[in-house]
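Below is one structure, written out as structure tokens; comments come after it.
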Amino acid sequence: MTPPVYLYNGPEFGQRDEAVEAVIKTLEKKFGESEQHIYYLNETSLGQVLSVLDNGNLFSSATCVICKNAELLKKKEDITLVEDWIKSVQDSGEESSVLIFVSDEISVDSKLDKLIPPSNKKKFWEMFDNQKIPWLTDYFRKNGYGLEPDAAQMILDMVDNNTMALKNECSRFFLCLEKGKIVTPEDVDSFLTHNREENAFTLFKQMVTTADSAEKRFSDSLEVLQGIRLSKDNSSVMIIAGLSSCFRKLVLWHKLQNESNGGYGADESTLKSNGFGSNLLQNQYRKASKIWTIGQATAILAILASTDMQIRSGGTMMEDVLLQKMLFEIIVKKGATLATAEY
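Structure below.
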């Protein structure tokens, strides 16, 4: 039998989460009601996670455990635990317990990757530029709406390049407009431009306002951060994940400019094929590259990861202070860290 263990990773959150849901639906179709548990591997040991699967559940016939931050699984003892669990379910023929590893990163430790059956793992990349408008048009069609090409491009210029963000932002059209309507650029301007809630990507946009001093950008970015924290999508995890996506793209931008055409910079086709399709996005990363070097952007990714771990391990009490400190280190210190106090 194929062991019920899965690995879904990559930055395309929407399709990745759909794959997880599909596994759960298949499990419930076979066994009836299931119980789901989500664990973050920087908060909970793998041994604790696997004990949930080993003990089963008294109130449902199947159990699904989702392990996030799978890129952290590198220790030999953890890999051995996964290997032993897989062997035990194969020996027993048990299929009602499912283990799903999830990561935002492109890759996980090779030893973990080798344990997952090829049919049970998939890497979810962000959409290429030539896939975005067809996907968006089809998404509107499935929900009973049309979408003008210029309106589609406006949405893509304003929303992050993953299907989860696109679905969240576009849901307001479906709530407010009659079915059958063809959405126009004027509708996008009305529903997204003027009524859009702040998020990690509008925060990044504020951070790269090159006309302002670092102190002014920091002050204005704090206001955007406060707006996010007061909104319904106020999760620090999502803020950090969104900013991490932006700075990974900035590292890629620098590499493309340094390595393309003999060091003379990337041409339009190279930029588009690497996810910098719109003029708005290109201008944004052109500005960002003037603020942070590739080395500074790499250091900032480490700051984001460190802040994420501090928040997860320390609880919510110092969450806002840590986020503000993170912004100061990114905007004013350009990737240099401050001395860390004990909280």
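The opening position of the sequence shown corresponds to residue 5 in our numbering, with each subsequent residue numbered one higher.
Idealized CB from N, CA, C, for every residue including glycine.
Secondary structure of Ser217 (DSSP, three-state): coil. With a cutoff of 8 Å on beta-carbon distance, Leu57 and Leu76 are scored as not near each other.
In terms of Cβ geometry, Leu11 and Ile120 form a close pair [threshold 8 Å]. For the pair Phe132 and Asp164, the CB atoms are not nearer than the 8 Å cut-off. Rounded to the nearest angstrom, the gap between the Cα atoms of Pro138 and Ser175 is 17 Å.
Distance from the CA of Pro7 to the CA of Lys79, rounded to the nearest whole angstrom, comes to 22 Å. In the assembly as shown, Thr167 is a buried residue. Its beta-carbon has 16 or more other beta-carbons within 10 Å. Per DSSP, Glu272 is not a residue of any beta strand (DSSP E); the alpha helix (DSSP H) it occupies stretches across Glu272 to Ser277.
For Asn262, there is no enclosing beta strand (DSSP E); the residue is part of the alpha helix (DSSP H) that begins and ends at Ser240 to Glu263. Thr67 is classed as buried because its beta carbon has at least 16 other beta carbons within 10 Å across all chains shown.
In the three-state scheme derived from DSSP, where H, G and I count as helix and E and B as strand, Lys126 is classed as strand.
In the DSSP assignment, Ser55 falls within the alpha helix (DSSP H) that extends over Leu50 to Asn59. Taking 8 Å as the cut-off, the beta carbon of Ile244 is found no closer than this to the beta carbon of Leu331. Rounded to whole angstroms, the Cβ separation of Leu326 and Gln314 is 6 Å, and the two are in contact under 8 Å.
Within the region 82-163, the runs of beta strand (DSSP E) at least 3 residues long that lie entirely inside it are, in chain order, 101-107 and 125-127. Its Cα nearest to that of Val24, the residue Val102 stands out among Val102, Gly36, Lys91 and Leu85. Thr320 counts as exposed, since fewer than 16 other C-beta atoms from the protein chains shown sit within 10 angstroms of its C-beta. Here DSSP, grouped into helix, strand and coil, assigns Lys72 to strand.
Remark: fewer than three beta-carbon pairs, one from each stretch, lie closer than 8 Å, so the region 79-98 and the region 33-43 are not flagged as touching. Beyond the five residues adjoining it in sequence on each side, Ala292 comes within less than 6 Å, by CB distance, of Val212 and Leu254 in the same chain, given in chain order. Around Asn147, the same chain offers Phe178 as residues with beta carbons nearer than 7 Å, after the five sequence neighbours per side are excluded. Judged by DSSP secondary structure, Val192 falls within the alpha helix (DSSP H) whose first and last residues are Pro189 to Val192.
The criterion of a C-beta distance shorter than 8 Å is satisfied by Val228 and Glu202. The C-alpha of Pro189 lies about 17 Å from the C-alpha of Asn283. With distances taken between CA atoms, Ser249 lies nearest to Lys209 out of Tyr149, Glu152, Glu219 and Lys209.
Taking the C-beta atoms as reference points, Ser107 is found nearer than 8 Å to Ala74.
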